[in-house]
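One structure is given below, encoded as structure tokens.
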Amino acid sequence: MLEDKFGRRFHYLRLSITDVCNFSCEYCLPNGYQCDTPRDFLRLEEIRKIATAFANLGTSKIRITGGEPSLRKDLPEIIQACASTPGIEHVAITCNGYKLPEQISSWVDAGLSSLNVSIDSLDPRMFAAITGHDKLKTIIQGIEIALELGIKVKVNAVLMRHFNRNELDSFLDWIKEKPVTLRFIELMQTGDNKLFFDQNHTSGLPIKERLLDNGWQQIEQNKTAGPAQEFTHKDYKGNIGLIMPYSKDFCATCNRLRISALGKLHLCLFSEQGLDVRQFLLDNSGQRLQEELVSLLADKKSTHFLHDGYTGATKHLAMLGG
Ligand code: SAM
0 MLEDKFGRRF
10 HYLRLSITDV
20 CNFSCEYCLP
30 NGYQCDTPRD
40 FLRLEEIRKI
50 ATAFANLGTS
60 KIRITGGEPS
70 LRKDLPEIIQ
80 ACASTPGIEH
90 VAITCNGYKL
100 PEQISSWVDA
110 GLSSLNVSID
120 SLDPRMFAAI
130 TGHDKLKTII
140 QGIEIALELG
150 IKVKVNAVLM
160 RHFNRNELDS
170 FLDWIKEKPV
180 TLRFIELMQT
190 GDNKLFFDQN
200 HTSGLPIKER
210 LLDNGWQQIE
220 QNKTAGPAQE
230 FTHKDYKGNI
240 GLIMPYSKDF
250 CATCNRLRIS
260 ALGKLHLCLF
270 SEQGLDVRQF
280 LLDNSGQRLQ
290 EELVSLLADK
300 KSTHFLHDGY
310 TGATKHLAML
320 GG
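Position one of the sequence shown corresponds to residue 0 (numbering that gives the first Met the number 0), numbered consecutively onward.
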């Protein structure tokens, strides 16, 4: 099992397969994706080797992310490669959902276990203002299809003071009859978004207080659950999650490692740098990569340093996946 010197165990890999994104979210890529250098993203065979090495070290869950992972034409093959790796029990994806209606069934056929979709506003005009795309209706349709196919769905909404802070009620109305977990994520500072962050960061705590005042119960998470707090209510089919990276002890339950689309291991979303593991994929047995992963993990810090405004090498989250 991959374990660090603080006793945290890493059974969860976030694997980015591209850093290209077609949306231009205000907090991430407000000017759209800019391609400044040629890109050679991880290939299917490399992904297979990475999945195997992590699985051999106790990883049981892989989340495919990006950029926008659905832009990769070989996404079903990538899902299949991860899902068929012995030891991998759960393959999830985080996407913007714009291709869901046409593609979700092929992802499910390939072995997808669960789906996260980003929806920062349920108001179509606000959604378009945030993302640059008038696609809310298509995305909601895609979620309906995923639910009909029996896939577990989580929806991510980044909290932003000047955009969606007052939308809690419409999100709550939506999940009354919709069995999805809606997760509010506190906006994080990245290398590129300091001004936007300063203007829009808002804490998730008032939401937590409101939920608790209104009969929502915090779900007790098991030790391996990761840093999200989750809440349930008997009158609602959906649950609420809160991800508050600026809260105390957020990193104590960290259970994940990240590999970028360019094959760099990131020990934290806000690491100083990515550590190239692609060079270790030349060895067919995967043994070398396993040894390197164990040794690189020794450098994982106990926490990120976002409180001090230190964002490491992460210019925006499309570089690495959220
Ligand atoms: N394109 C996919 C999507 O839209 O979900 C996957 C990549 S996106 C970077 C992953 C998640 O990170 C999304 O839910 C997005 O809203 C979130 N995200 C991006 N930048 C963020 C930031 N600065 N703070 C908090 N969440 C952020």
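Backbone N, C-alpha and C fix where the C-beta goes; we use that ideal spot for every residue, glycine too. No experiment lies behind these values; they were computed from the predicted model shown.
* Asked: Below 8 Å, can you find three or more Cβ-Cβ pairs linking the segment 87-107 to the segment 133-148?
  -> The segment 87-107, when compared against the segment 133-148, does touch it at the 8 Å Cβ threshold.
* Asked: What is the rounded straight-line gap between the Cα of Cys24 and the Cα of Ile129?
  -> In this structure, the CA atom of Cys24 is about 5 Å from the CA atom of Ile129.
* Who are the near neighbours of Leu135 in its chain, counting only those whose CB is closer than 6 Å to its CB and skipping five residues on each side? -> The residues are Pro123 and Phe126.
* So does the segment 260-280 actually touch the segment 38-51, counting three or more Cβ pairs closer than 8 Å? -> Yes, they touch.
* **CA-to-CA distance, Leu264 to Ala156, given in whole angstroms** => Here the alpha carbons of Leu264 and Ala156 stand approximately 26 Å from one another.
* Asked: What are the start and end residues of each continuous alpha helix (DSSP H) run of 4 or more residues lying completely inside the segment 22-110, in chain order?
  -> List check, alpha helix (DSSP H) in window: 43-55, 74-82 and 99-109.
* **Contact check, Pro244 vs Glu291, beta carbons under 8 Å** => Taking 8 Å as the Cβ cut-off, Pro244 and Glu291 do not qualify as a contacting pair.
* Using alpha carbons as the reference points, say which of Val90, Tyr97, Val116 and Lys98 lies closest to Ala109. => Comparing Cα-Cα distances from Ala109 to each of Val90, Tyr97, Val116 and Lys98, the minimum goes to Val90.
* Heavy atom of the ligand SAM less than 7 Å from the Cβ of Thr64, yes or no? -> For the ligand SAM, at least one heavy atom lies less than 7 Å from the Cβ of Thr64.
* Asked: Starting from Asn238 and walking both ways along the beta strand (DSSP E), at which residues does that stretch end?
  -> Element bounds for Asn238: Asn238 to Ile242.
* Just confirm the distance between the C-beta atoms of Ile142 and Val152, as a whole number of angstroms; I'd bet it's less than 8 Å. => Right, the Cβ-Cβ distance comes to about 6 Å (below 8 Å), so this counts as a contact.
* Give the straight-line distance between the Cα atoms of Phe170 and Ile239, rounded to the nearest whole angstrom. => Between the alpha carbons of Phe170 and Ile239 lies a gap of roughly 10 Å.
* **Inside the segment 108-166 only - beta strand (DSSP E) runs reaching at least 3 residues** => Counting only runs of 3 or more, we get 113-117 and 151-158.
* Simplified DSSP assignment, three categories, for Thr201 -> Coil.
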